[in-house]
Amino acid sequence: MGLEEQGVQKEYSIRLLQRLGVRADYLTPQKIQELWIESSRHDTLFSDHTRGKVEPFLDILFASNAIVAEVYDISEELPIGSMMMNRIIRNFDGLAHFTLWSGKVRGKEPLFLEMMRMWMGEFNLRRLSIEVVGHGKGLIRMIERLGFQHEGTRREGSIHKDVWIDLEMYGILESELQAKLQEVLV
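Residues 372 to 557 (the numbering used here) make up the sequence shown, in order.
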């Protein structure tokens, strides 16, 4: 997928790493280590219960009800982030996760929208959900730009640095995603 960034055309691809417990050949032990190192640098990806522990990370990476992909910058020949969906319930819902290692997401929304479109189609989902820590204001702005709607707050839903914090619940319906895709394509 090509995107224009600051007047330069950049090409990105989405590499499938794992689908419903079946590992892609590309998901080597070295790639798993790279993903763990990059993910560990993002403090808010882990609660106090999981931070620094590789086992919960591997549980998600190899879950039989999850799909994991890597966002790859073709021109730079570098992975720039990951996209995953777990808690997949076919014909209903899945819990989406988006991470860019640089934290710079503006302008990359079409990548996420395309992945969301693919997931919804593949699993015949009516909706996608996202959970965000309450203090993740930049991430909240990004998922709202993608068309997700705030659906509620899970009070003290996670613990971060010995402080219980709220989780904000967001969702997007298939019809809302289609409307957002039409808006972006125009």
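Every residue, glycine too, gets a C-beta built ideally from N, C-alpha and C. As the structure is a computational prediction, the values presented were derived from the model and not from experiment.
* To do: Using 10 angstroms around the beta-carbon of Trp535, count the other beta-carbons present and answer buried if the total reaches 16, otherwise exposed.
  => Position 164 of the sequence shown, counting from 1, holds the residue named residue 535. With fewer than 16 Cβ atoms within 10 Å of its Cβ, Trp535 is classed as exposed.
* Asked: Would the beta-carbon of Gln555 fall within 9 angstroms of that of Met513?
  -> As a working mapping, residue 555 is identified with position 184 in the sequence shown. As a working mapping, residue 513 is identified with position 142 in the sequence shown. Reading the sequence as shown, one finds Val at residue 555 and not Gln. No, they are not a contact pair.
* Contact set for Ala440: own chain, Cβ-Cβ below 8 angstroms, skip 5 residues either direction -> Residue 440 sits at position 69 when you count from the first residue of the sequence shown. Taking C-beta separations shorter than 8 angstroms and ignoring five residues to either side along the sequence, the partners of Ala440 in its chain run Ile385, Arg386, Leu387, Leu388, Ser453, Met454, Met455 and Met486, following chain order.
* Asked: Considering only residues of the same chain and omitting the five flanking positions on each side of Glu493, which have a CB-CB separation below 6 angstroms?
  -> Along the sequence shown, read from residue 1 onward, the residue named residue 493 stands at position 122. Answer for Glu493: no residue qualifies.
* To do: Put Phe483 into one of helix, strand or coil per three-state DSSP.
  => In the sequence shown, the residue the question calls residue 483 occupies position 112. It is helical.
* How big is the Cα-Cα spacing for Arg394 and Ile403? -> Here residue 394 refers to the residue found at position 23 of the sequence shown. Here residue 403 refers to the residue found at position 32 of the sequence shown. For Arg394 and Ile403, the distance between alpha carbons rounds to 11 angstroms.
* CA-to-CA distance, Gly523 to Phe469, given in whole angstroms -> Residue mapping note: residue 469 aligns to position 98 of the sequence shown, counting from 1. Residue mapping note: residue 523 aligns to position 152 of the sequence shown, counting from 1. Distance between the alpha carbons of Phe469 and Gly523: 20 angstroms.
* Starting from Trp535, follow the beta strand (DSSP E) in both directions and report where the run begins and ends. => Looking up residue 535 in the sequence shown gives position 164. Following the DSSP letters along the chain, one finds Trp535 inside the beta strand (DSSP E) bounded by residues Val534 to Leu544.
* Would DSSP call Ser446 helix, strand or coil? -> Position 75 of the sequence shown holds residue 446. Coil, per DSSP.
* Determine the extent of the beta strand (DSSP E) in which Leu406 is found, giving its start and end residues. => Within the sequence shown, numbered from 1, the residue matching residue 406 stands at position 35. Looking at the DSSP string, Leu406 is not in any beta strand (DSSP E); the run it does join, the alpha helix (DSSP H), is Pro400 to Ser411.
* If you draw a straight line from the alpha carbon of Gln401 to that of Val425, how long is it in whole angstroms? -> In the sequence shown, counting from the first residue as 1, residue 401 sits at position 30. In the sequence shown, counting from the first residue as 1, residue 425 sits at position 54. When rounded, the distance between both Cα atoms is 14 angstroms.
* **As assigned by DSSP and simplified to three states, the class of Lys381** => The sequence position of residue 381 within the sequence shown is 10, counting from 1. Correct three-state label for Lys381: strand.
* To do: Give the DSSP-derived three-state secondary structure of Arg390 in the structure shown.
  => Walking along the sequence shown from the start, residue 390 turns up at place 19. Arg390 falls in the strand class under three-state DSSP.
* Asked: Where Arg498 and Phe463 are concerned, what is the direct C-alpha to C-alpha distance, given to the nearest angstrom?
  -> Start at 1 with the first residue of the sequence shown, and residue 498 comes out as number 127. Start at 1 with the first residue of the sequence shown, and residue 463 comes out as number 92. Straight-line Cα distance between these residues: approximately 6 angstroms.
* To do: Rank Lys381, Val504 and Leu398 by C-alpha distance to the C-alpha of Leu538 and give the top, closest one.
  => The count along the sequence shown starts at 1 and reaches residue 538 at position 167. It is Val504 whose Cα lies nearest to the Cα of Leu538.
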